[in-house]
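Once you know that position 207 of the sequence shown is 207 in UniProt numbering, the rest is easy, because the numbers rise by one and skip nothing.
For reference, the structure is listed below as C-alpha cells.
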Amino acid sequence: MEKGLLSALKQGKTVYGTSITSHAPLWTKTVEGAALDFVFIDTEHIPLERSDVARMCQTYSAMGITPVVRIASANPVLASQILDAGAKGVLAPYIETIQQVKELTGAVKYRPLKGKQLQKILDDPDSPEPELMNYIRNFNRGNVCILNIESIPAVENLENLIAVPGVDAVFIGPHDLSVNMGLPEEYDHPEFEKRVKYIIRTCRQGNVAVGIHFSESPDRQIKWLKEGINIVIHSSDIALFSQKLKQDLNQIRAFNGQKSVDDPGSVII
Numbered sequence: 001m002e003k004g005l006l007s008a009l010k011q012g013k014t015v016y017g018t019s020i021t022s023h024a025p026l027w028t029k030t031v032e033g034a035a036l037d038f039v040f041i042d043t044e045h046i047p048l049e050r051s052d053v054a055r056m057c058q059t060y061s062a063m064g065i066t067p068v069v070r071i072a073s074a075n076p077v078l079a080s081q082i083l084d085a086g087a088k089g090v091l092a093p094y095i096e097t098i099q100q101v102k103e104l105t106g107a108v109k110y111r112p113l114k115g116k117q118l119q120k121i122l123d124d125p126d127s128p129e130p131e132l133m134n135y136i137r138n139f140n141r142g143n144v145c146i147l148n149i150e151s152i153p154a155v156e157n158l159e160n161l162i163a164v165p166g167v168d169a170v171f172i173g174p175h176d177l178s179v180n181m182g183l184p185e186e187y188d189h190p191e192f193e194k195r196v197k198y199i200i201r202t203c204r205q206g207n208v209a210v211g212i213h214f215s216e217s218p219d220r221q222i223k224w225l226k227e228g229i230n231i232v233i234h235s236s237d238i239a240l241f242s243q244k245l246k247q248d249l250n251q252i253r254a255f256n257g258q259k260s261v262d263d264p265g266s267v268i269i
C-alpha cells in the first residue's frame, strides 16, 4: 500500500508545504515543528547545485517530509536526475502539450525504461508483461507527477493534459499565469480568478490534486481552500524571513521615532 504524499493526494486529503531555498545545514530545524507534508525545492528559479538538492532531498525525506522538486524545464532527463537525487515529487514548469506530459510521466512513473520500450508503454499502458509492470510500479512507488499550469494555452488544454495516465497533481503558477493573461500580479482581477476557479474545478472533477503558491499572507491560501484546492504551498523561507525582518525592524524604528521602510514587494519564485 502506498504511503506518504501520493497516498494522501489519492485520498483527497489536504497537504501542506512551503518553498525552501536554503540548503544551510541547520535550516531544516526551522521547519521541523511546522508539521509539513512536503517541501517545495525550486531549481527553475533558485541557483541550487545538483549535489545541494540531493542533500536537501535526503535530509527532508529522513525527517518524514516529502521533497517535491521543480525541475528547470519539462525535460525527462532532468526529472530522472532529480528522482535519483531523492525527490519523490517532480514538478515540471510551463506545461502546455500532451507530449510534454507523456515524457514527464515516462520519467516519473516508468523509470528506468527509456527509448522505444518506454514509448511503447506510453502509447499503450497495457502492453508490458505483468512481471515488468510490477517491477516498474515498485521501482517508482510513491513518486508524484505534478504539472505546473501557468499559461492560457495550458488552461485551454487542461482537460487533455490531466487525462494522461500518471498525472497526480497540478500546481498553479499565479505569477506566470497572470503575466500570460496580460494581468501581471493582478491576483484579485475577476478574469484571473475565473481562470483559477476553472483549473481547480477541472482538476478536482478529474480526480487530480491541485494547489496554488503565494508568498503573501495566509488569506489567499484560505480563499482558494474554500474554492477547492487541496495542496497548500505557502510562501517560502526567504519570503517569510524578509516579511518578519521588515516587520520587526519597522517596530524598532517606530520606537526610535523613525519612519517605517516600505514593503519591497513579494518574493516571486
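Quick reminder that beta carbons are idealized off the backbone N, C-alpha and C, glycines included.
Span of the beta strand (DSSP E) around residue i
i	result
Tyr-16	15-19
His-23	Premise fails: His-23 is in no beta strand (DSSP E) and is neither H nor E.
Pro-67	66-70
Ile-41	38-42
The alpha helix (DSSP H) enclosing residue i, as first and last residue numbers
i	result
Ser-178	174-180
Leu-83	76-84
Val-53	50-62
Ile-229	Looking at the DSSP string, Ile-229 is not in any alpha helix (DSSP H), and its letter there is neither H nor E.
Asp-123	115-123
Arg-137	130-139
Arg-204	190-205
Residue i (DSSP reduced to helix, strand or coil)
i	result
Leu-147	strand
Gly-257	coil
Ile-95	coil
Asp-219	helix
Ala-154	helix
Ser-235	strand
Gly-89	strand
Glu-2	Reliability of the predicted coordinates at Glu-2 is poor, the pLDDT of 46 falling under 50, and no value is obtained from them.
Gly-211	strand
Val-164	coil
Ala-35	coil
Lys-102	helix
For residue i, the nearest candidate out of the options (CA to CA)
i	options	result
Gly-228	Val-15, Leu-6, Gly-4	Val-15
Met-56	Val-31, Lys-102, Val-170	Val-31
Val-179	Glu-150, Leu-132, Arg-50, Phe-40	Glu-150
Gln-99	Val-164, Glu-185, Ala-169	Val-164
Gly-211	Phe-40, Thr-28, Ser-51, Val-53	Phe-40
residue 316	Gly-257, Arg-201, Lys-120, Glu-185	Lying outside 1 to 269, the shown extent of the chain, residue 316 is not represented and no answer is given.
Cys-25	Thr-59, Thr-18, Asp-168	A small fix is needed here, since residue 25 is Pro in this sequence, not Cys. Of Thr-59, Thr-18, Asp-168, the residue nearest in Cα terms is Thr-59.
Arg-195	Gly-173, Asn-207, Ala-209	Gly-173
Ala-8	Trp-224, His-23, Phe-38	Phe-38
Gly-4	Lys-246, Thr-18, Leu-36	Leu-36
Pro-47	Arg-70, Glu-103, Pro-125	Arg-70
7 Å CB neighbourhood of residue i in its chain, flanking five on each side removed
i	result
Gly-106	Pro-76, Leu-118, Leu-122
Arg-111	Ser-80, Leu-83, Phe-139, Asn-140
Tyr-198	Val-155
Glu-96	Ser-151, Pro-153, Ala-154, Asn-157
Gly-257	none
Asn-250	Ser-260, Val-261
Phe-255	none
Same chain, Cβ closer than 6 Å to residue i, five either side skipped, listed in chain order
i	result
Gln-221	Val-232, His-234
Ile-136	Tyr-110
Leu-183	His-189, Phe-192
Gly-166	Thr-105, Lys-109, Cys-145
Asp-219	none
Ala-209	Leu-9, Ala-169, Asn-230, Ile-231
Lys-120	Ser-127
Own chain partners of residue i with C-beta closer than 8 Å, once the 5 adjacent residues on each side are dropped
i	result
Gln-205	none
Val-259	The sequence shown places Lys at residue 259, not Val. Cβ within range, chain order: Arg-253.
Ala-72	Thr-43, Glu-44, Leu-78, Pro-93
Gly-86	Ala-54, Cys-57, Gln-58, Ser-61, Pro-67
Trp-224	Val-196, Ile-200, Ile-212
Glu-2	In this predicted model, Glu-2 has a pLDDT of only 46, less than 50, meaning its place in the structure is not dependable; the value taken from the coordinates is given anyway. These residues qualify, in order along the chain: Lys-10, Arg-141, Gly-142.
Chain D within 7 Å of residue i, Cβ atoms only
i	result
Asp-42	Absent here is chain D; the protein component of the structure consists of one chain.
Quiz item: Is there contact between the stretch 200-220 and the stretch 232-245, where contact requires at least three CB pairs shorter than 8 Å?
Solution: Counting Cβ pairs under 8 Å, three or more are found: they touch.
Quiz item: Between the stretch 133-151 and the stretch 86-95, do three or more beta carbon pairs fall short of 8 Å?
Solution: Touching, yes.
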